[in-house]
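Asker: Residue numbers (our numbering): 1 to 392. Positions of the beta carbon are idealized from the N, C-alpha and C atoms, including for glycine. Structure below; questions to follow.
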Amino acid sequence: MDATAFDLTQQQQEIKERAKAFGDKWAPFAKEIDRNDAAPLKEMVQDSVEMGLAGLTIPTQYGGKNLSAIEFALAVEEACRAMKSWMAGDILFSTTCTGPSVIMMSDNELVKEKYLRQIASGQKTAAIALTEPDFGSATTDIETTAVFDGDDIVINGVKKFITGAPHYDLYATFVRWNGTPGLKGIGAILVEKGTPGLTMETGPEFMGARGSPHGELHFTNCRIPKENFLVGEGGFGKLMQAFNMERLYISAMCLGLAQGAFDEAVAYADQRTQFGKPINEFQAIYHMIAEMWTQIESVRYMTYHAALTADGGKFPKALAVSACKLHAADVARDVCWKAVQILGGNGLVSGFPPERCFRDVIVSSIAGGTTQVLKNVIASQVLGKKLDQRRS
């Protein structure tokens, strides 16, 4: 029930072991974190640093581990499996995934030297700020604007559903440069929490993926030093390469949560008796277990394959990672629901791991690209066509 067929290196095995230890440590707190929609983020990040799980793909010249996307995926999978909560993955996300990846994509050495080292050490956490109140899937229509004004960049606009806001320290913010329309105008700037002109709200409570808020950022003539420039006009493709790390992260998270729910269901089916024998001796149950195992293995192979397509080991290819996330979200939802069914009435009780895993994986069909958007991406890649969804 793990990836022995992939012949993992000793280093990769060690990463899995450290990630498991991290997840095991925080597993007793998963129910409370979910119930209160609040996690001790700083403490958890510090633990990840001490366990060697922070800044995994950040180059060593900036204080990181200089590992590849596959090591990141392994860590997220194992941590989520052990904790049986998305929060384990979110902590690794904050120092390795999309926010740090956008910074790594920048040609601005000043911003990389200043911030990547702080992220890799756990001093600062980073997220991306992309979604807006009126634009989610329509990424290239975003309205948050950025213009140069002397030594500053002035930002105006609103971002919504930003995981980690208002608690994260840094936000790789997608903007429209100088009012340039369409994807050609899209770029990014790094914004620090506490910058004058930036106000932050916690945002609504989610049904799952609880513990770290999904807040809002409001920019009102927010002045950012031009040294925080990340990507200029015409850089949308580069930003999407970095964004592929988020899709890999969600795939690995789904894999870990599905495996965790499966582990719980298998253990329960072995000890729960009905009609004088364990329920895993009933065909209805062991067929479900067979289906779940097969589904999980298919996601594992697709996730590792997507990670191994990464350019320079860091940024997965769009087709592989989009297909992987599409499949992982569907499988994780189905596997976790089957786990709930195997637990029967207990499966419906708040706080039981399969129920929590089920709610946590629901977000995966929306965040990082909806199911429908991913199908568009896959079809476009396979057919070699630009499939424009806009009204003509």
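Near T60, what residues of its chain come up, given a Cβ to Cβ distance below 8 angstroms and the 5 sequence neighbours on each side ignored?
Answerer: Excluding residues within five positions, the ones whose Cβ falls inside 8 angstroms are N66.
Asker: Is it right to say Y115 is buried, meaning 16 or more other beta carbons lie within 10 angstroms of its own, or is it exposed?
Answerer: Y115 comes out buried.
Asker: So, are the CB atoms of G52 and R18 less than 8 angstroms apart?
Answerer: Yes, they are a contact pair.
Asker: Label D151 either buried or exposed according to how many other C-beta atoms from any shown protein chain fall within 10 Å of its C-beta, with 16 as the threshold for buried.
Answerer: Burial call: exposed.
Asker: If you check the beta carbons only, do A73 and A307 fall under 8 angstroms apart?
Answerer: Cβ distance < 8 angstroms, so A73 and A307 count as in contact.
Asker: Take the Cβ of S350 as the centre, count every other Cβ of all protein chains shown within 10 Å, and call the residue buried at 16 or more, exposed below.
Answerer: It counts as exposed.
Asker: Buried or exposed, going by whether 16 or more other CB atoms sit within 10 Å of the CB of K386?
Answerer: Flag for K386 reads exposed.
Asker: Can you tell me whether G185 is buried or exposed? The criterion is at least 16 other CB atoms within 10 Å of its CB, across all chains shown.
Answerer: With 16 or more other Cβ atoms within 10 Å, it is buried.
Asker: Quick one: measure Cβ to Cβ for A394 and I250, integer angstroms, because I've assumed they're closer than 8 angstroms.
Answerer: Beyond the ends of the chain as shown, which are 1 and 392, falls residue 394; an answer cannot be given.
Asker: In terms of alpha-carbon separation, which member of P204, G179, A339 lies closest to A38?
Answerer: It is P204 whose Cα lies nearest to the Cα of A38.
Asker: Please list the terminal residues of the continuous beta strand (DSSP E) segment that includes F174.
Answerer: Its beta strand (DSSP E) spans residues 170-177.
Asker: Which word fits M207, buried or exposed, when buried means at least 16 other C-beta atoms lie within 10 angstroms of its C-beta?
Answerer: M207 comes out exposed.
Asker: Among residues of its own chain, excluding the 5 on either side of E14, which ones have a beta-carbon nearer than 6 angstroms to its beta-carbon?
Answerer: Counting only Cβ-Cβ distances below 6 angstroms, and skipping sequence neighbours, we find nothing.
Asker: Going by beta carbon distance, what residues of the same chain come within less than 7 angstroms of V49, once the five residues before and after it are set aside?
Answerer: Cβ neighbours of V49 beyond the five flanking positions: S121, G122.
Asker: Would you call Q295 buried or exposed, if buried means 16 or more other Cβ atoms sit within 10 Å of its Cβ?
Answerer: Looking at its Cβ environment, which holds 16 or more other Cβ atoms inside 10 Å, Q295 is buried.
Asker: Enumerate, from N- to C-terminal direction, the unbroken alpha helix (DSSP H) stretches of 4 or more residues contained entirely within the region 125-171.
Answerer: Those alpha helix (DSSP H) runs which fall completely within the region 125-171 and span 4+ residues do not exist here.
Asker: Does the count of Cβ pairs from the region 364-382 and the region 298-307 closer than 8 angstroms reach three?
Answerer: Output reads no: the region 298-307 does not touch the region 364-382.
Asker: Considering only the alpha carbon of each residue, which of F174, D107, H305 lies closest to D141?
Answerer: Closest by alpha carbon: F174.
Asker: Can you tell me which residues form a DSSP beta bridge with P225?
Answerer: Paired residue(s): D152.
Asker: In its own chain, which residues sit with a C-beta less than 8 angstroms from the C-beta of A27, not counting the 5 before and 5 after it?
Answerer: So the qualifying residues of the chain are A82, M83, K84, S85.
Asker: Using CA atoms only, rank isn't needed, just tell me which of F262, I285, D263 is closest to T273.
Answerer: Nearest option by C-alpha distance: I285.
Asker: Using three-state DSSP, classify D107 as helix, strand or coil.
Answerer: DSSP places D107 in coil when its eight states are reduced to three.
Asker: Count the C-beta pairs between the region 250-266 and the region 165-172 that are closer than 8 angstroms, then say yes if the count reaches three, no if not.
Answerer: Verdict: no, contact absent.
Asker: Using the C-alpha atoms, what's the distance from C357 back to C97?
Answerer: Answer to the nearest angstrom: the Cα atoms are 21 angstroms apart.
Asker: Roughly how many angstroms separate the alpha carbons of C324 and V373, rounded to a whole number?
Answerer: The alpha-carbon atoms of C324 and V373 are separated by roughly 13 angstroms.
Asker: What residue range does the alpha helix (DSSP H) around M253 cover?
Answerer: From DSSP, the alpha helix (DSSP H) with M253 extends over 236-271.
Asker: Grouping DSSP H, G and I as helix and E and B as strand, with all else coil, what is M83?
Answerer: Looking at M83 - three-state DSSP - the assignment turns out to be helix.
Asker: With a Cβ-Cβ cutoff of 8 angstroms, do T125 and L170 count as a contact?
Answerer: Yes, these two residues count as a Cβ contact at 8 angstroms.
Asker: Leaving out five residues on either side along the sequence, give the residues of the same chain with a beta carbon under 7 angstroms from the beta carbon of E246.
Answerer: Taken in chain order, the residues that qualify are C97, T98, G368.
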